[in-house]
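Sequential numbering of the sequence shown, starting at 0, is according to numbering that gives the first Met the number 0.
We treat Cβ as the ideally placed atom computed from N, Cα and C, and that holds for glycine.
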Amino acid sequence: MTEFTERQKEIIETAIKLIDEGGIQNVTMKQIASRLGITEPAIYRHFASKADILLSMLEQFKFRSKGHLAKARSANVSNLQKVETIFLEHSGQFAERPHMTAVVFSEEAFQDDPRLAEIIFSVMNAAHEGMAEIITAAQQMREIRGDIPAEHLAITILGTLRLLVKRWRLSKFGFDLRQESQAVWQSLKTLITSPLN
Numbered sequence: 000m001t002e003f004t005e006r007q008k009e010i011i012e013t014a015i016k017l018i019d020e021g022g023i024q025n026v027t028m029k030q031i032a033s034r035l036g037i038t039e040p041a042i043y044r045h046f047a048s049k050a051d052i053l054l055s056m057l058e059q060f061k062f063r064s065k066g067h068l069a070k071a072r073s074a075n076v077s078n079l080q081k082v083e084t085i086f087l088e089h090s091g092q093f094a095e096r097p098h099m100t101a102v103v104f105s106e107e108a109f110q111d112d113p114r115l116a117e118i119i120f121s122v123m124n125a126a127h128e129g130m131a132e133i134i135t136a137a138q139q140m141r142e143i144r145g146d147i148p149a150e151h152l153a154i155t156i157l158g159t160l161r162l163l164v165k166r167w168r169l170s171k172f173g174f175d176l177r178q179e180s181q182a183v184w185q186s187l188k189t190l191i192t193s194p195l196n
């Protein structure tokens, strides 16, 4: 991943907050400069365009997502526990940085720029493939039911996470996401470890 300067990180973080407040159309070089108390030309010294800022933002998210997946895969725990770790760590990341939900769950806002749409798709695809791979290993060890394709279980788990986080955001963060994630995970675990393997 590209190493960002402190100023670039500030610009990216400001853009994320602006998206959170008013959507992607709320992100302009003028708005970012105003929030940071600098001039517009100063922004252009760090990023050539708004699209480059958004691209960097998504690249950062992709890098973090890959890191979480790699960490879970290498953990010395059962495959079922790896699935749990991914589910709970992702919800924990959103709990720590609620404004990121506006970016991560606004794929349609990025579809007009092929570069941005491609990154969003690659993040989603990598998460799905990584989860399916761990589930397959868990099925082979009979930790997870084997009568449903791993790809479908991955969609079920990641889709549940997505809906849970989106519901939390739309409720204006009206419940404890970590606590609810733990409860939802226990229900998911009951479903995916049903003694049908």
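Throw me the rounded Cβ distance for the A136 and L157 pair, which I believe falls under 8 Å. In fact, because the Cβ distance is near 17 Å, the residues do not count as touching under 8 Å.
Report the three-state DSSP secondary structure of T27 (helix, strand or coil). coil
Can you list the alpha helix (DSSP H) stretches of 4 or more residues lying completely in the stretch 38 to 94, in chain order? 39 to 43, 49 to 73
Sorted by chain position, which residues of the same chain lie with C-beta nearer than 7 Å to T38's C-beta, five sequence neighbours on each side aside? A32
Between H89, E95, L57, which has its C-alpha nearest A71's C-alpha? H89
Could you have a look at Q110 and say whether DSSP puts it in helix, strand or coil? coil
Kindly indicate which three-state DSSP category H151 falls into: helix, strand or coil? In the structure shown, H151 adopts helical secondary structure according to DSSP, grouped into three states.
Out of curiosity, what's the CA-to-CA distance linking S73 and T159? 24 Å
Pairwise C-alpha distance: Q59 and E179: 27 Å
C-alpha distance - I85 paired with V103, whole-angstrom precision: 16 Å
Tell me whether T135 sits in a helix, a strand or coil according to DSSP, three-state version. helix
Could you give the residue range of the alpha helix (DSSP H) that holds T100? 99 to 103
By the three-class DSSP mapping on this structure, what secondary structure does I11 have? helix
Counting beta carbon pairs with one atom in the stretch 111 to 120 and one in the stretch 50 to 59, are three or more of them shorter than 8 Å? yes
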